Structure formats: C-alpha cells, structure tokens
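Novice: Per the numbering used here, the sequence shown runs over residues 309 to 462.
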Amino acid sequence: MTDWLQTHEWALWWAGILSLITFVGTLIAIPVLVVRIPKDYFTRTERPPEHWSFRYPLVRPTVLILKNLLGAVLVLLGLSMFFLPGQGILTMLIGVTLMNFPGKRALERSIIRKQPVHGAVNWVRARAHRAPLQLPARGHLEEADPPHDAETKI
309 MTDWLQTHEW ALWWAGILSL ITFVGTLIAI PVLVVRIPKD YFTRTERPPE HWSFRYPLVR
369 PTVLILKNLL GAVLVLLGLS MFFLPGQGIL TMLIGVTLMN FPGKRALERS IIRKQPVHGA
429 VNWVRARAHR APLQLPARGH LEEADPPHDA ETKI
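1. For Gln442, count the other beta carbons within 10 Å of its own beta carbon; 16 or more makes it buried, fewer makes it exposed. Which is it?
2. Would you say the stretch 363-375 touches the stretch 340-355, given that touching needs at least three Cβ pairs under 8 Å?
3. Entirely within the stretch 346-387 and at least 4 residues each: give me those alpha helix (DSSP H) ranges in chain order.
4. In this structure, does DSSP put Arg438 in helix, strand or coil?
5. Exposed or buried, which one is Thr315 when buried takes at least 16 other CB atoms within 10 Å?
6. Taking only three categories from DSSP, how would you classify Glu459?
7. For a quick check, are the C-beta atoms of Val425 and Leu398 less than 8 Å apart?
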C-alpha cells in the first residue's frame with residue numbers, strides 16, 4: 309500500500325484538494341439553501357403552483373433532470389461527510405429536498421425531526437433573520453403525502 313501511495317502521490321493531492329473544495333463549498337452552499345426553505349415547507353399538504361413549467365414545457369424535463377442529479381450528488385457528498393469534514397446530515401437533507409421519489413416527504417420529515425438537525429437548521433435561519441421551520445406533529449400529514457406524479461413537479 310505504501311508503494312502505491314508513493315507512486316501515486318498525485319492522487320492523494322487531488323483527493324485532498326477535492327475534499328477541501330467540497331468542505332468549503334458546503335460551508336457556503338448549505339446555509340444559503342437552508343435559508344431559502346419556506347418556513348412551512350414541512351407542514352404543507354400541497355405543492356405551490358409552478359406557473360413557469362406551463363410556459364416552458366421543454367425546459368421542465370431538463371431542469372427536473374439537473375435538479376435530481378444535483379440532489380443525488382449532495383446525498384452522496386453528505387454520506388462521504390460522515391468520514392470527511394463537512395455538514396453531512398444537512399447536506400443530505402438538502403439533496404433529498406431537491407430530488408423527486410416516492411416517500412420523499414416522509415424521509416424529509418424523518419430527517420428534520422432529529423433534534424440536532426432541526427436545531428442546526430433553525431440556528432442557521434435565525435442568523436439570517438428567518439423564521440424557524442414549522443414541523444408537523446408526529447404521524448400528522450404522513451398519510452397525506454401527494455401521489456408520486458405530483459412529487460415530480462419542480
């Protein structure tokens with residue numbers, strides 16, 4: 309293993325640089341995204357209307373694909389941050405929020421209900437002078453999740 313590391317020293321440098329860029333990027337991006345979440349996002353029973361998707365029907369699939377890809381990348385980065393420096397659970401929450409899949413709302417609510425996550429999110433929001441996120445009571449709204457086709461809306 310030591311021989312491989314000595315012959316591939318460049319790989320270690322690139323891994324370190326990528327880790328540093330990811331760490332700094334999440335320190336900047338995650339608070340910005342957390343502040344942009346509407347305070348009633350987790351208590352809504354319906355998604356807000358998307359007027360732009362009707363005006364630009366050809367753009368919608370492209371945006372949907374890019375949004376889901378970004379969400380998947382953030383979930384993977386969040387998982388890696390359990391072993392590397394960074395805000396793993398918050399990064400995963402933002403990634404899940406961007407993605408569309410069945411059961412998404414229940415997973416989001418499960419993550420945000422964890423006190424360390426909810427506390428950290430509301431701390432970031434308070435520093436940006438935003439209202440804390442509202443959470444539904446346990447078990448409330450879980451059965452009222454929108455059908456899968458409604459969740460695919462951006």
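Note that CB positions come from ideal geometry on N, CA and C, so glycine has one too. Remember, predicted model here, so these are calculated numbers, not experimental data.
Specialist: So, from the data block:
1. exposed
2. no
3. Segments of the alpha helix (DSSP H) lying fully in the stretch 346-387: 359-363.
4. coil
5. Taking a 10 Å sphere around the C-beta of Thr315, we find fewer than 16 other C-beta atoms and assign the residue as exposed.
6. At Glu459 the pLDDT is 46, less than 50, meaning the model places this residue with poor confidence; the figure from the coordinates comes in the next sentence. It is helical.
7. yes
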